[in-house]
Structure formats: structure tokens, C-alpha cells
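What follows is a set of notes on a single structure, which appears directly below.
Numbering (the working numbering), first residue to last: 37 to 252.
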């Protein structure tokens, strides 16, 4: 009975329908943008070595997404609503940018050049086969990770639990770093993706609470 009542009080699960639109839109652009007009590169990218073992924190994005979404939806609906607003609007903005400014990367090493065969490298090959190095800036991986860390750290679940805030930001930070070491993104993609997270900070979290003092 308690679970049923909670479900009735949290009707905003339908926000997740956005993922259908996102997946169709993203892969349509991935299929259409075979020859990106703009190649993203920063000199800093050349100093970051390829390391296939970062594919594990890279893929942990799916667990962070499922965990944060579910926890906030169940225990803190206002924070869940803010997360959906931040993350989905940012992802939509990224897709529009990909349409107007089709971009891509030329950072991935050839698997033969890496010369290693291990479980991480096998997963890496599968990722590369399914995900072309197009539509990368801003990084949706980093934008969404930043939004999840921000929403969770500002939720009542992390209130008076600083270790949970550290965990959320540390996990999101590791995911962002992993995009660089797996050559899935350029430094520029990461910076632009995280910048989209900061856009919503002031409207949603930056206003100070002002107390009303005694009467006149």
C-alpha cells in the first residue's frame, strides 16, 4: 500500500519518455553525419595517453544515470524534476549543436597500433564499432554526469552527508576523465559539456533563502 501511494505521488516518471526521442535523434545524426565539417582538437589532447582500462569508468555512466534517476525520483521528487530539466535541456541543446555544427574527432588510435588484447580493449573495440567519433562537442557524457552530480549533491539524500557529495562529484569527475583517456572526447568537448551544467546552477540552486524577520 505504501509503495502504491508513493507511485501516485510521483507521476513524473513519464519524463523518461524523453529517452526515446533522444536515442532516435542521436543515432539519426550519427548516421547522417558521416563526414563531420569541424574536427575538434586541443593541444592538450596530445598529452593524454590512450588507456583502455578507463572504459570501465566510462561505461559506469549507465549505472550512475540509473542510480541517481531512481533515487531522486523515489526519495526527492523536486530534485528529480530539476535533474530532468537540467539534463534533458542540455542534451537537446547538444543535439541541436550537432545539427548546426557537425563535428567529430580524429583522436582514436587503431586497435592494431595499440597492440594489446585484453577485456578492456575488447570492450573498447565494441564501443568504437557502435559509436562513431562524430557529434562530440559538447560532450553529452560529461554534461549529463555533471547534472547528475549537481542534482544529487543538492538533494535531501546528500544533506548532512558530505561523503555522498564527494562520491557523486568524484564519480562524475572520473567519468569525464575517462572520456579523455579512451579518446572518446577532446578536452574542448569536456569543458563545453560541463559548462552547460553550470548554466542551470544559478536559476535552480544559486538563490539564497531569505528569512523574514520580525514585524515592523
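Each residue gets a CB set at the ideal place from its N, CA and C atoms; glycine is no exception.
When C-beta atoms of the stretch 213 to 220 are compared with those of the stretch 135 to 145, three or more pairs fall below 8 Å, so the two segments count as touching. In the three-state scheme derived from DSSP, where H, G and I count as helix and E and B as strand, residue 155 is classed as helix. The stretch 60 to 79 makes contact with the stretch 122 to 136, as at least three CB pairs between them are under 8 Å. Excluding its 5 nearest sequence neighbours in each direction, residue 97 has C-beta neighbours in its own chain below 7 Å: 177, 181, 211, listed in chain order. At the C-beta level, residue 160 and residue 168 stay beyond 9 Å of one another.
If you draw a 10 Å sphere on the C-beta of residue 99, you find fewer than 16 other C-beta atoms in it, and that means exposed.
Residue 75 sits in a strand when the DSSP states are folded into three classes. Under the three-state reduction of DSSP output, residue 69 falls in the coil class, being neither helix nor strand.
In this structure, residue 115 sits near residue 190, with a CB-CB distance shorter than 9 Å.
Residue 138 and residue 72 do touch by the CB rule: their CB atoms are close to 5 Å apart, below 8 Å. According to DSSP, residue pairing for residue 117 in a beta bridge does not occur. A Cβ-Cβ contact shorter than 9 Å links residue 90 with residue 214.
With contacts defined as CB atoms closer than 9 Å, residue 184 and residue 101 qualify as a contacting pair.
A residue is called buried when at least 16 other Cβ atoms come within 10 angstroms of its Cβ; residue 186 meets this threshold and is buried.
Rounded to whole angstroms, residue 196 and residue 103 show a C-alpha spacing of 20 Å. Assigned with DSSP and collapsed to three states, residue 139 falls in strand. Take residue 149, set aside five residues on each side of it, and no residue of its chain has a beta-carbon closer than 8 Å to its own.
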